[in-house]
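K.L.:
Quick one: the structure is below, and I'll ask about it shortly.
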Amino acid sequence: DIQMTQSPSSLSASVGDRVTITCRASQSITNYLNWYQQKPGKAPKLLIYTASSLQSGVPSRFSGSGSGTDFTLTISSLQPEDFATYYCQQSYSTPFTFGPGTKVDIK
Amino acid sequence: QVQLQESGPGLVKPSQTLSLTCTVSGGSISSGSYYWSWIRQPAGKGLEWIGRIYTSGSTMYNPSLKSRVSISVDTSKNQFSLKLSSVTAADTAVYYCATEDIYGGGRSDYWGQGTQVTVSS
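Next comes the structure, spelled out in structure tokens:
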């Protein structure tokens, strides 16, 4: 199985801050990397697919980059509704695997 | 727009079989554009991919669960189902059904709301 790691595991930030979350795969997954946002009691919501493609309806303050083993999710200006947990997922090979999550909360 | 809804018992006894169904609306399960998958999340923990099925009935399972899991599809009802046998407390989780876009890099753009399953006597 491909192992996914994320850093940091949690962060505190203020509205308006630029936030960067890193995801690393245990082997190359080319660009088969997706990012999800999850709020308490809700299903994950797709934000970014194939590393850098913005899902329809997702605000442009979200962006993704990277290829191979190292990837980044950036929120350019954190908004109140962005406080949530973020997961990366590799869809390069089954079993698809998720990172452990990064919780973004209010400073 | 595709919508997914999980259904099934919320409480299962240890050693028994967990059975859940996902009903698809707003699109046909036979469309050929998606794999239909199951993902679970224990309380306060991360997400685990359980497996998926194609409209043809072809399946892929997580090796960690492969000996206990079965996913099937009923195209006439626009549903797919999950069975997990010999459950223990470790199988207590929120279970989600979701799509996997075959032509979109495997992304899961549609999810059900999730259903809590507790394994307890």
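Those protein sequence lines, which keep their order, are chains A and B.
In short: position in the first sequence from 1, add 202, done, that's my numbering.
Under my numbering, the residue at position 120 of the second sequence is numbered 100, and the numbers go up by one with no gaps.
A virtual CB, placed ideally from N, CA and C, is assigned to each residue, including glycine.
(1) May I ask you to report which of helix, strand or coil DSSP gives A70(B)?
(2) Beta-carbon of L275(A) versus every beta-carbon of chain B: anything under 8 Å?
(3) Cβ closer than 9 Å: which chain A residues qualify as neighbours of Y76(B)?
(4) In whole angstroms, what is the alpha-carbon distance linking T252(A) and G84(B)?
(5) Is the CB of G270(A) under 8 Å away from at least one CB in chain B?
(6) Taking Cβ-Cβ distances shorter than 7 Å, what residues in chain B pair up with G303(A)?
(7) What are the residues in the segment 82 to 93 of chain B lying within 9 Å of chain A by C-beta distance?
(8) DSSP state of D284(A), grouped into three classes?
(9) Quick one: does Y288(A) have its CB under 8 Å from some CB of chain B?
(10) How is the beta strand (DSSP E) around W237(A) delimited, first residue to last?
(11) Check whether the segment 262 to 276 of chain A touches the segment 54 to 70 of chain B, taking contact to mean three or more Cβ pairs, one atom from each stretch, closer than 8 Å.
(12) From this set, T304(A), I308(A) and K309(A), which residue's C-alpha is nearest P210(A)'s C-alpha?
(13) Using only CA atoms, which one of P282(A), G268(A) and F285(A) lies nearest to I231(A)?
(14) Would you please state the rounded distance, in angstroms, between the beta carbons of A73(B) and R20(B)? I believe it to be under 8 Å.
(15) In the DSSP assignment, find the unbroken beta strand (DSSP E) run with S61(B) in it and report its ends.
(16) Can P43(B) be considered in contact with the ligand PLP, in the sense that its beta carbon sits closer than 7 Å to one or more heavy atoms?
(17) Under the rule that 16 or more other beta-carbon atoms within 10 Å means buried, what is R87(B), buried or exposed?
P.N.:
Result, derived from the coordinates:
(1) Counting from 1 along the second sequence, the entry for residue 70(B) is found at position 90. Residue state, collapsed to three classes: helix.
(2) Within the first sequence, the letter at position 73 stands for residue 275(A). False, the Cβ-Cβ gap to chain B never drops below 8 Å.
(3) As a first step, residue 76(B) must be located in the second sequence, where it is residue number 96. Ordered by position in chain A, the residues that pass the 9 Å Cβ test against Y76(B) are A245 and P246.
(4) Working through the first sequence from its first residue, we reach residue 252(A) at position 50. Working through the second sequence from its first residue, we reach residue 84(B) at position 104. So the two alpha carbons sit approximately 8 Å from each other.
(5) Numbered from 1 along the first sequence, position 68 holds the residue referred to as residue 270(A). No, no contact with chain B.
(6) Your numbering for residue 303(A) matches position 101 in the first sequence. In chain order: G26.
(7) G84, G85, G86, R87, S88, D89, Y90, W91, G92 and Q93
(8) Within the first sequence, residue 284(A) is the residue found at index 82, counting from 1. Helix, per DSSP.
(9) Your numbering for residue 288(A) matches position 86 in the first sequence. No - not a single Cβ of chain B is within 8 Å of the one on Y288(A).
(10) The sequence position of residue 237(A) within the first sequence is 35, counting from 1. L235 to Q240 is the span of the beta strand (DSSP E), which, as asked, contains W237(A).
(11) no
(12) Translated into positions along the first sequence, residue 210(A) becomes position 8. It is T304(A).
(13) Along the first sequence, one-based indexing puts residue 231(A) at 29. When each option's Cα is compared against that of I231(A), the closest is G268(A).
(14) Numbered from 1 along the second sequence, position 93 holds the residue referred to as residue 73(B). Numbered from 1 along the second sequence, position 40 holds the residue referred to as residue 20(B). Between R20(B) and A73(B) the Cβ distance is about 4 Å, and since that is below 8 Å, they are a contact.
(15) Sequence index remark: in the second sequence, residue 61(B) carries index 81 (1-based). Residues Q59 to L64.
(16) This structure lacks the ligand PLP, and indeed carries no ligand of any kind.
(17) On the second sequence, residue 87(B) is found 107 positions in, with the first residue counted as 1. Buried: at least 16 other Cβ atoms inside 10 Å.
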